[in-house]
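Residue numbers (this note's numbering): 152 to 397.
Beta carbons are placed, not taken as given, at the ideal position from N, Cα and C, and that holds for glycine.
Predicted, not measured: the structure shown is a model, and the values here were computed from it.
Here the structure is laid out as structure tokens; the discussion comes afterwards.
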């Protein structure tokens with residue numbers, strides 16, 4: 152009796168194998184990145200800031216130059232990423248680009264107001280209350296028209312990413328002016344953080360998404376700044392990746 156031929160095996164294993172290879176390549180790239188020196192990380196940083204530019208050192212790009220972002224930084228430490236965090240950091244990258252585009256459409260000079268730091272912890276958004284473009288009324292917690300627009304635009308973007316926990320910090324410079332004797336930097340920084348929380352919620356951020364609101368007065372100045380510098384007068388908003396959530 153002739154032997155019966157077996158049918159061809161299904162191709163499902165090829166799809167699974169391709170997925171496995173893709174995942175391993177992604178893991179390899181992450182491990183490679185976190186082990187590199189700062190020069191390599193700076194190059195990756197530029198790809199975050201200008202994702203469609205093919206410009207290399209010593210050449211001029213053919214695309215119009217995007218506005219320089221005061222500090223969109225990538226801070227990586229070996230062993231700080233897991234596979235879930237990589238996906239979330241990619242989402243934060245998208246949020247960053249969308250936010251910058253939304254702000255750029257109406258204000259080409261917002262760079263001195265905002266600093267974005269992308270790290271294994273998540274995305275930290277520093278909003279500076281500068282004399283030239285104040286976010287708040289002097290020595291108060293009421294938003295200026297400009298500050299209200301910045302927070303509203305930010306809220307619209309954050310509301311599209313409800314899975315990230317949000318923490319809000321208020322900070323002041325040393326010897327910040329106070330409206331009265333019994334109202335100092337601790338009260339001011341706390342009130343401004345709470346004002347930011349209310350503004351985010353009113354404009355679409357779910358209340359449950361905000362996990363922490365705190366005022367730090369002048370105890371946490373910006374790196375490489377003097378305690379009295381106005382750059383320390385700020386509100387910081389942190390979106391935390393899941394591996395960093397409490």
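For this session: Determine the DSSP secondary structure at residue 257, reduced to helix, strand or coil.
Result: helix
Exercise. Just curious, the beta strand (DSSP E) that residue 268 is in, first and last residue?
Worked result: 265-270
Exercise. Between residue 286 and residue 273, is the Cβ-Cβ spacing less than 8 Å?
Worked result: no
Exercise. Contact check, residue 306 vs residue 350 under 8 Å by CB: the rounded distance?
Worked result: 7 Å
For this session: Could you please give me the residues that DSSP links to residue 284 through a beta bridge?
Result: Bridge partners of residue 284: none, in fact.
For this session: Mind the definition here: the segment 376-395 touches the segment 320-336 only if three or more C-beta pairs lie below 8 Å; say whether that holds.
Result: yes
Exercise. Which residue from 256, 309, 288 and 347 puts its Cα closest to that of residue 247?
Worked result: 309
Problem set entry | Proximity to residue 383 [Cα-Cα], best of 280, 343 and 250 | 280
For this session: Quickly, what does DSSP pair residue 334 with across the bridge? List them, please.
Result: 331
Problem set entry | Contact set for residue 303: own chain, Cβ-Cβ below 8 Å, skip 5 residues either direction | 350 and 354
Exercise. Who are the Cβ neighbours of residue 432 in its own chain at under 6 Å, not counting the five residues just before and after it?
Worked result: Residue 432 is absent from the model: the chain starts at 152 and stops at 397.
Exercise. Between the Cα of residue 289 and the Cα atoms of 381, 239, 367 and 362, which residue gives the shortest distance?
Worked result: 381
Problem set entry | Of the listed residues 269, 257 and 256, nearest to residue 240 (C-alpha basis) | 269
Exercise. Hey, residue 386 and residue 278: beta-carbon distance below 8 Å or not?
Worked result: yes
Exercise. What is the rounded straight-line gap between the Cα of residue 175 and the Cα of residue 361?
Worked result: 34 Å
Exercise. Per DSSP, what kind of secondary structure is residue 318 in: helix, strand or coil?
Worked result: strand
Exercise. So residue 298 is in the alpha helix (DSSP H); what residue range does that whole segment cover?
Worked result: 296-309
Problem set entry | Backbone CA spacing between residue 214 and residue 342 [nearest angstrom] | Reliability of the predicted coordinates at residue 214 is poor, the pLDDT of 29 falling under 50, and no value is obtained from them.
Exercise. In angstroms, rounded to a whole number, what distance separates the CA positions of residue 357 and residue 313?
Worked result: 7 Å
Exercise. With a Cβ-Cβ cutoff of 8 Å, do residue 330 and residue 366 count as a contact?
Worked result: no
Problem set entry | Selected residue, minimal CA-CA separation from residue 259, among 328, 284, 333 and 293 | 284
Problem set entry | Buried or exposed by the 16-neighbour rule on C-beta atoms within 10 Å, applied to residue 256 | exposed
Problem set entry | Segment limits, beta strand (DSSP E) that includes residue 377 | Note, residue 377: premise wrong, no beta strand (DSSP E); not H, not E.
Exercise. Are the beta-carbon atoms belonging to residue 261 and residue 267 less than 8 Å from one another?
Worked result: no
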